[in-house]
Amino acid sequence: MDDIFRRPRLNIFKSRIIVRERGVNKSYDISTVFALFQALKSGAVTTPPSLPPPITIPEPELLPASTEYYPLQYEYPAFYDLSIAERTPVNAQMRGYLFFFEQVLAGFSTLLKHTPDLLSIDNTQPETRFPANLRELLPFYNDYLKITYETALATPTTENESRRSLLLDHLIARLGEDFRYYGVWNKKSGSALNLAKQNFLKALPELAATSFQAYNHSKPSWNTTNISVTEKKLVHLLQLPDNLRKTRWKDPAPNFSIVTIVGPTVLFGFRITDILNAPLLRSPADNFSFLFEAQDAATSVIQWGRAIENYQIITAGVLFKFVVLNDELDIIAISEDSFATPALALTAVQASMNYFTTQWVPEEGLHLLENILLRPQDYQAFLLNDTLFTIPLAIDSTIAPGFGRDLYSQQVLVALPSVGDRFGDTGFQEVASAVIQRELPASLQVRVVWLNIFMMHDFETAFQTWVQTLSNPAATEIMIQSAKSAMIKVLDTIHDWVAKKI
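For the sequence shown, our numbering gives the first residue as 801, with consecutive numbering after it.
Here it is as structure tokens:
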């Protein structure tokens, strides 16, 4: 505590001050000392302390942006005559010697000037090297240059696309994403791939800010963009045509049907009719042991029946038929009709190929369903109960290693159609499945299923009814329970199909 009565004070008259100079005591007048002390004391009180001068920080000198290249040779001494228009021997020889250096330095100058454009996600110009045209920058070089000079300067399109791709990869990597290999997976190259990367970059800020946000099940979500952020991101990564939740594959009936052969052992086959519902193709033998095998086989006809090289005309006595082959040259379907000549059979083949190509290829897209939305709930209605999952369990009675017996929590199913230039390619299916797995949290048990046309139609029908019922504020408990039960029944069928295929 500060006590004013106990502060140390200097009393000149009560103090004994000894002043020595070279070891000899010096005498002094105490009154003179006191007078000097009082003068200093009064000066310290009346004169305010002077502040140091303020430190001024000079404004940075901004150099004006250079719009033109300043030639190197203009810095040379005057005796080279490089700053005059006339051509002297020294002038011409020196300018010719400096041409290479001027070209390189001018190229660096123009490239640096366009660097902000190169690193902008809004940049749409194809050029990436921006070669300097010395014929325009330094007109006196016109006499030195051939008419093919501009052609030699032009950057090849493939080089521009490759450099632009690397720059976009750099920008994407700065945001922690990787798009380098998706061009190969999505069968895109050149400008199409760069446009995909550019669109992905533009969408990334919003996608990152709402990462793992689910769709709003209380609002309409069929034929709308009300989907999860993960699905929106997968639209970019898998280069899907749109970000809508909608029907991707039409009803196979009545053109695709499964026949059941009753006997000691129940077997299955398939039939396919044309656009007029006239018989077109059938299974080579109705001997499939499981329903899903016949469904998968019928669906494979769409995949392989779109290319002429997968057809073969065969003889049937004096008549002709055609068959459809898969990539292993197995016969997967045989024509219902017989033809009098190979030419007529070929005409039918072309009609069949056109039919599958124009009528039965699904739209690319995916559906993501969280099992937790189908969890059992209590209803007010008497004796109204939910249908429970009957998903086949593993040997240890768990749904999957590490996930226990809970069939609802942390379970996600992603359904896609299994036909198309990409979606019907098993290599693409494998890669796309890995991409989907990577984009979802590691804590989830994710099942990616590529469905045949029958299962896809059943899934989409039940899924549409379910999400529309969820978003309908007027939906009754009976409507909710019915839609949920239908959805669970389809999922049980899919999981049973997956278990039997393993």
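C-beta atoms are modelled at their ideal positions from N, C-alpha and C, and glycine is treated no differently.
Comparing C-alpha distances from Phe1139 to each of Thr1115, Gln1159, Asn1154, Ser1028 shows the shortest one belongs to Thr1115. With a beta-carbon spacing of about 3 Å, Asp1086 and Gly1069 fall inside the 8 Å limit used to define contacts. Contact between Lys1284 and Trp1266 holds: their C-beta atoms lie close to 7 Å from each other, under 8 Å.
Spanning the alpha carbons of Gln903 and Asn891 requires a straight line of approximately 18 Å. Per the coordinates, the alpha-carbon of Phe1254 lies some 20 Å from the alpha-carbon of Asn1126. Within its own chain, the residues whose Cβ lies closer than 6 Å to the Cβ of Gln1264, once the five positions on either side in sequence are excluded, are Trp1022, listed in chain order. Spatial neighbours of Ala932 in its own chain (CB-CB distance under 6 Å, excluding positions within 5 residues in sequence) are listed in chain order as Ala906, Gly907, Thr910. If you check the CB distance, Phe1056 and Ala1008 do not come in under 8 Å. In the structure shown, the three-state DSSP call for Leu1213 is strand. The beta carbon of Gln873 lies closer than 6 Å to those of Leu882, Leu898 in the same chain, with the five residues before and after it left out. Around the beta-carbon of Lys1300, fewer than 16 other beta-carbon atoms lie within 10 Å, marking it exposed. DSSP, read as helix, strand or coil, puts Gln1245 in strand.
Within its own chain, the residues whose Cβ lies closer than 6 Å to the Cβ of Glu1260, once the five positions on either side in sequence are excluded, are Thr1047, listed in chain order.
The DSSP assignment places complete beta strand (DSSP E) segments of no fewer than 3 residues inside the segment 1149 to 1189 at 1167 to 1170, in order along the chain. Excluding the 5 residues flanking it on each side, Ile1236 has same chain C-beta neighbours closer than 6 Å at Val1214, Val1248, in chain order. Taking all protein chains in view, the Cβ of Ile1061 is surrounded by fewer than 16 other Cβ atoms within 10 Å, so the residue is classified as exposed. Note that the C-beta distance between Tyr1179 and Glu1239 is not below 8 Å. The DSSP-derived three-state label of Phe1263 is helix. With a contact defined as Cβ atoms closer than 8 Å, Tyr1155 and Ile1075 qualify at about 6 Å. Cβ neighbours of His1017 within its own chain (closer than 6 Å, five residues either side excluded): Leu1270. By the Cβ criterion, the segment 1025 to 1032 is not in contact with the segment 960 to 976, since fewer than three pairs of Cβ atoms, one from each stretch, lie closer than 8 Å. Around the Cβ of Leu995, a 10 Å sphere holds fewer than 16 other Cβ atoms; the residue is exposed. Taking C-alpha positions only, Pro1241 is separated from Leu1004 by approximately 18 Å.
Nearest to Arg816 by alpha-carbon distance, out of Tyr828, Ala1194, Val824, is Tyr828. With a threshold of 16 other beta carbon atoms within 10 Å, Ile1027 meets it and is buried.
In this structure, the CA atom of Phe940 is about 9 Å from the CA atom of Arg895. For Glu950, there is no enclosing beta strand (DSSP E); the residue is found in the alpha helix (DSSP H) stretching over 949 to 953. As for any alpha helix (DSSP H) of minimum length 4 sitting wholly inside the segment 1084 to 1146, the runs are 1091 to 1104, ordered along the chain. Per the C-alpha coordinates, the member of Tyr869, Ile1108, Pro877, Ala1274 positioned closest to Leu934 is Tyr869. In this structure, Asn1171 and Leu1207 form a Cβ contact; the two beta carbons are roughly 7 Å apart against a cut-off of 8 Å.
For Glu1239, the enclosing alpha helix (DSSP H) has its first and last residue at 1226 to 1239.
In its chain, beyond the 5 residues on either side, Asn923, Gln925 have a beta carbon closer than 8 Å to the beta carbon of Asp917.
Bridge pairing for Thr1024: Arg1045 [DSSP]. Leu1251 is bridged by DSSP to Pro1217.
If you draw a straight line from the Cα of Gln1177 to the Cα of Ala1014, it comes to about 21 Å. In this structure, the CA atom of Ile1102 is about 36 Å from the CA atom of Leu1001.
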